[in-house]
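**Student:** Going left to right, the sequence shown walks through residues 992 to 1431 as the working numbering numbers them.
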Amino acid sequence: MTLDILNLPSYRVLQVEDADGDYQIKAETVSPPERCIHCGSDALVGFGRRENWIRDLPIHGKRVGIAIDTRRFRCKTCGKTFYEPLPEVDPKRSMTARLKEWLEKESLRHSFTHLADETGVGNSTIRMVFDDYADRLRDNLRFETPEVLGIDEIHLIRRPRAVFTNIPSCYVVEMLPDRNKTTVARFLSDLPDKGRIRCVAIDMWRPYQEAVREALPGVPVVVDKFHVVKMANAALDSLRKAVGGTLSPERRRSLTRSRHVLLKRFSDLSEIQRKRLAEWSRDFPVLAKAHVAKERFYDIYEAPSRSEAEKRYREWDEGLDPEVRTTFGPLLTAFQNWEGPILAYFDHRVTNACTESANNLIRAVQRMGRGYSFDVLRARILFVRHGAHKMKPFRRFGKRDLVAEEGMGYGLPSTEIEPEEISLGVDTSTLLDLIERGEV
Ligand SMILES: [Zn+2]
């Protein structure tokens, strides 16, 4: 008796061959059809056979191909011929249904080449399985419209792409192929439950503001705080570089090493760092002036109210030393152009808290993005969590009562998708973990 190596109940294994590290298995169906698939008559006669080559899940780390000895019948009643249907096989892809399910899940987390090596299935077939799966996920998953929506961009495959986040939950909700006004406005218009959106946090990119105004009339736009204070740091840092350019290489390196001392908030500096800051301030008064301006700009954001913030900004503007005014030129211009949305922060207290993890995500996706299309990366970012699905605990025989619900390992995952599953999106930190572990 041949051991049932396949564990496919509808098939009988006839022969197992280990061919250069791959399993080649001959099999046939256990119960061939008794009735004609055309007319239902049971007057069937054999009418030859054909071998169907089907890929299956790897066994013992070896790739598996099954040669299914497929019977052909002729019906004596209607005269038609037919091949017996092959249960548990996906005819479109010449693979077992379980291999297809496994590839769907794995293709969200591993490269297509890797999966091709593992299974012997061609790259392009894996790509098609992935595409079908991503389409199905797209049709069945609906991301919850966030109360506070963040719009940012990531630079991916040579182009900036608009990324939408659920700010309270720090989830990525969508990534679009570009960040043009029409693209963004169309996405916003199509959102369900638009009434949920309380406000939208953006960076200083005019098309975002215009798209929100058009698609979500009356919804306030807040310029993300970090994008504003970042400009104060950038101003100070550009001056640090200019000053460094006038110094001997050794002094310049020393100033570069003090970069964080200048950029960090004064209240967060240690005694030693404050001493170093004092030394640089003494040697370069212009740096001291820019440092004070940077610190005072941050203070604006600690204002308890919008009117107080507005007052602090006027004072900051008027008190700016002429010697560093040009240095802070870009920030002054940005404030002039975006004053309303910048000050709206003090009405809504909304900030894109995900910026940090989103930025790390950008870098990670960029690293693993080589060789993949935007659509593949987007599907991976949005669906990997849903593709992973709930895992069943793996239990040892006879120890069922001893092993806790979250078992010691995992069995084969189920790949069911609940229709219209409502989801928050993808948790950026979870996704980042997956990427760092090379699982996306
Ligand atoms: Zn028939």
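Each residue gets a CB set at the ideal place from its N, CA and C atoms; glycine is no exception.
Please go through the same chain and pick out, in chain order, the residues whose beta-carbon is closer than 8 Å to the beta-carbon of R1243, but skip the five residues on each side of it.
**Tutor:** Counted from its first residue, the sequence shown places residue 1243 at position 252. G1235, G1236.
**Student:** Count the other CB atoms within 10 Å of the CB of F1319; is the residue buried (16 or more) or exposed (fewer)?
**Tutor:** Counted from its first residue, the sequence shown places residue 1319 at position 328. Classification of F1319: buried, given that the 10 Å Cβ count is 16 or more.
**Student:** Quick one: what's C1190 bridged to in DSSP?
**Tutor:** Here the question's residue 1190 lines up with position 199 in the sequence shown. Beta-bridge pairing links C1190 to V1139.
**Student:** Could you check the C-alpha separation between L1415 and F1365 for me, to the nearest Å?
**Tutor:** Position 424 of the sequence shown, counted from the first residue, corresponds to residue 1415. Position 374 of the sequence shown, counted from the first residue, corresponds to residue 1365. At L1415 the pLDDT is 47, less than 50, meaning the model places this residue with poor confidence and gives no usable figure here.
**Student:** Ligand 1 and G1072: does any heavy atom of the ligand fall closer than 7 Å to the residue's C-beta?
**Tutor:** Numbered from 1 along the sequence shown, position 81 holds the residue referred to as residue 1072. At residue 1072 the sequence reads Thr, which differs from the Gly that was named. No, ligand 1 has no heavy atom inside 7 Å of this Cβ.
**Student:** Is it the case that the Cβ atoms of R1189 and V1139 are separated by a distance below 8 Å?
**Tutor:** Taking the sequence shown and counting its residues from 1, one reaches residue 1189 at position 198. Taking the sequence shown and counting its residues from 1, one reaches residue 1139 at position 148. Yes.
**Student:** So, at 8 Å on beta carbons, what are the nonlocal neighbours of S1272 in its own chain, with the 5 sequence-adjacent residues on each side left out?
**Tutor:** As a first step, residue 1272 is located in the sequence shown; it is residue number 281 there, counting from the start. Taken in chain order, the residues that qualify are L1278, A1279, H1282.
**Student:** Assuming M1086 and R1127 make a contact with CB atoms under 8 Å, what is their CB distance in whole Å?
**Tutor:** Sequence index remark: in the sequence shown, residue 1086 carries index 95 (1-based). Sequence index remark: in the sequence shown, residue 1127 carries index 136 (1-based). About 17 Å separates the beta carbon of M1086 from that of R1127, a gap too long to meet the 8 Å contact definition.
**Student:** Secondary structure at L1132, three-state DSSP: helix, strand or coil?
**Tutor:** As a first step, residue 1132 is located in the sequence shown; it is residue number 141 there, counting from the start. In this structure, L1132 counts as strand in the three-state DSSP scheme.
**Student:** Could you have a look at R1170 and say whether DSSP puts it in helix, strand or coil?
**Tutor:** For this step, residue 1170 is matched to residue 179 along the sequence shown. If DSSP states are grouped into helix, strand and coil, R1170 belongs with coil.
**Student:** So, using beta-carbon positions, are V1213 and V1341 closer together than 8 Å?
**Tutor:** Working through the sequence shown from its first residue, we reach residue 1213 at position 222. Working through the sequence shown from its first residue, we reach residue 1341 at position 350. Yes, Cβ-Cβ distance for V1213 and V1341 is below 8 Å.
**Student:** Is H1029 close to ligand 1? I mean its beta-carbon at under 7 Å from any heavy atom of the ligand.
**Tutor:** In the sequence shown, residue 1029 corresponds to position 38, counting from 1. Because some heavy atom of ligand 1 lies under 7 Å away, the Cβ of H1029 counts as near it: yes.
**Student:** Let me know the secondary structure DSSP gives F1217 once reduced to three states.
**Tutor:** On the sequence shown, residue 1217 is found 226 positions in, with the first residue counted as 1. Here F1217 sits in helix by DSSP.
**Student:** So which of L1167, I1059, S1249 has the shortest CA-CA distance to R1369?
**Tutor:** Position 378 of the sequence shown, counted from the first residue, corresponds to residue 1369. Here the closest residue by C-alpha is L1167.
**Student:** Does the pairing of the segment 1039 to 1054 with the segment 1108 to 1116 give three or more beta-carbon distances under 8 Å?
**Tutor:** yes
**Student:** Expressed to the nearest angstrom, what Euclidean distance is found between the alpha-carbon atoms of I1028 and E1075?
**Tutor:** Here residue 1028 refers to the residue found at position 37 of the sequence shown. Here residue 1075 refers to the residue found at position 84 of the sequence shown. Rounded to whole angstroms, I1028 to E1075 spans 9 Å at the Cα level.
**Student:** Are the CB atoms of L1179 and A1153 within a distance shorter than 8 Å?
**Tutor:** Within the sequence shown, the letter at position 162 stands for residue 1153. Within the sequence shown, the letter at position 188 stands for residue 1179. It is not a contact, given that the beta carbons lie outside the stated cut-off.
**Student:** Work out the CA separation of C1066 and T1072 for me, nearest whole Å.
**Tutor:** Translated into positions along the sequence shown, residue 1072 becomes position 81. Translated into positions along the sequence shown, residue 1066 becomes position 75. Cα to Cα, the separation comes out at about 6 Å.
**Student:** Who are the Cβ neighbours of D1081 in its own chain at under 6 Å, not counting the five residues just before and after it?
**Tutor:** As a first step, residue 1081 is located in the sequence shown; it is residue number 90 there, counting from the start. Counting only Cβ-Cβ distances below 6 Å, and skipping sequence neighbours, we find A1088, K1091.
**Student:** If you follow the beta strand (DSSP E) that R1267 is part of, which residue opens it and which one closes it?
**Tutor:** Here the question's residue 1267 lines up with position 276 in the sequence shown. No beta strand (DSSP E) contains R1267, which is instead part of the alpha helix (DSSP H) from 1262 to 1274.
**Student:** In whole angstroms, give me the CA-to-CA distance for G1389 and D1009.
**Tutor:** Taking the first residue of the sequence shown as position 1, residue 1389 is located at position 398. Taking the first residue of the sequence shown as position 1, residue 1009 is located at position 18. Summary for G1389: the model assigns pLDDT 47, below 50, so the residue's position carries little reliability; its value from the coordinates is reported in the next sentence. Rounded to the nearest angstrom, the two C-alpha atoms are 33 Å apart.
**Student:** Consider the C-beta atom of T1068 and the heavy atoms of ligand 1; say whether any pair is separated by less than 7 Å.
**Tutor:** What you label residue 1068 is simply residue 77 of the sequence shown in a count that begins at 1. Yes, the beta carbon of T1068 sits closer than 7 Å to at least one heavy atom of ligand 1.
**Student:** Under the criterion of a Cβ to heavy atom distance below 7 Å, does S1022 qualify as lining ligand 1?
**Tutor:** As a first step, residue 1022 must be located in the sequence shown, where it is residue number 31. S1022 has its Cβ no nearer than 7 Å to any heavy atom of ligand 1.
**Student:** Would you identify the three-state DSSP class for V1431, choosing helix, strand or coil?
**Tutor:** Residue 1431 sits at position 440 when you count from the first residue of the sequence shown. Here V1431 scores only 46 on pLDDT, less than 50, and its place in the model should not be relied on; the value that follows carries that caveat. Of the three classes helix, strand and coil, the one that applies to V1431 here is coil, per DSSP.
**Student:** Could you tell me which residues DSSP pairs with C1066 in its beta bridges?
**Tutor:** Numbered from 1 along the sequence shown, position 75 holds the residue referred to as residue 1066. DSSP lists L1035 as partners of C1066.
**Student:** Whole angstroms are fine: how far does the CA of T1116 sit from the CA of R1371?
**Tutor:** In the sequence shown, the residue the question calls residue 1371 occupies position 380. In the sequence shown, the residue the question calls residue 1116 occupies position 125. In a straight line, the C-alpha of R1371 is about 18 Å away from that of T1116.
**Student:** Would you say the beta carbon of S1032 comes nearer than 7 Å to a heavy atom of ligand 1?
**Tutor:** Within the sequence shown, numbered from 1, the residue matching residue 1032 stands at position 41. Yes, the Cβ of S1032 comes within 7 Å of a heavy atom of ligand 1.
**Student:** Take every Cβ of the segment 1253 to 1268, pair it with every Cβ of the segment 1304 to 1318, and state whether three or more of those distances are shorter than 8 Å.
**Tutor:** no
**Student:** Are K1232 and Y1336 close, meaning C-beta to C-beta below 8 Å?
**Tutor:** Working through the sequence shown from its first residue, we reach residue 1232 at position 241. Working through the sequence shown from its first residue, we reach residue 1336 at position 345. Contact: no.
**Student:** So, helix, strand or coil for L1005, using DSSP?
**Tutor:** If you number the sequence shown from 1, residue 1005 lands on position 14. Residue state, collapsed to three classes: strand.
**Student:** For R1152, list the residues DSSP reports as bridge partners.
**Tutor:** Locating residue 1152 in the sequence shown gives position 161, where the first residue counts as 1. Per DSSP, I1145.
**Student:** In chain order, what residues of the same chain have a beta carbon less than 7 Å from the beta carbon of N1043, not counting five sequence neighbours either side?
**Tutor:** In the sequence shown, the residue the question calls residue 1043 occupies position 52. When the five nearest sequence neighbours on each side are left out, the beta carbons in the same chain lying within less than 7 Å of the beta carbon of N1043 are those of I1059, T1061, L1077, in order along the chain.
**Student:** How long is the line joining the alpha carbons of E1293 and A1300, rounded to whole angstroms?
**Tutor:** Start at 1 with the first residue of the sequence shown, and residue 1293 comes out as number 302. Start at 1 with the first residue of the sequence shown, and residue 1300 comes out as number 309. Rounded to whole angstroms, E1293 to A1300 spans 8 Å at the Cα level.
**Student:** Quick check: the Cα distance between I1057 and I1016, rounded to an integer number of angstroms?
**Tutor:** Within the sequence shown, the letter at position 66 stands for residue 1057. Within the sequence shown, the letter at position 25 stands for residue 1016. Roughly 5 Å between the two C-alpha positions.
**Student:** If you drop the 5 nearest sequence neighbours on each side, which residues of the same chain put their C-beta closer than 7 Å to that of W1307?
**Tutor:** For the purposes of this step, residue 1307 is taken as the residue at position 316 of the sequence shown. Same-chain partners within the cutoff: R1287, F1288, I1291.
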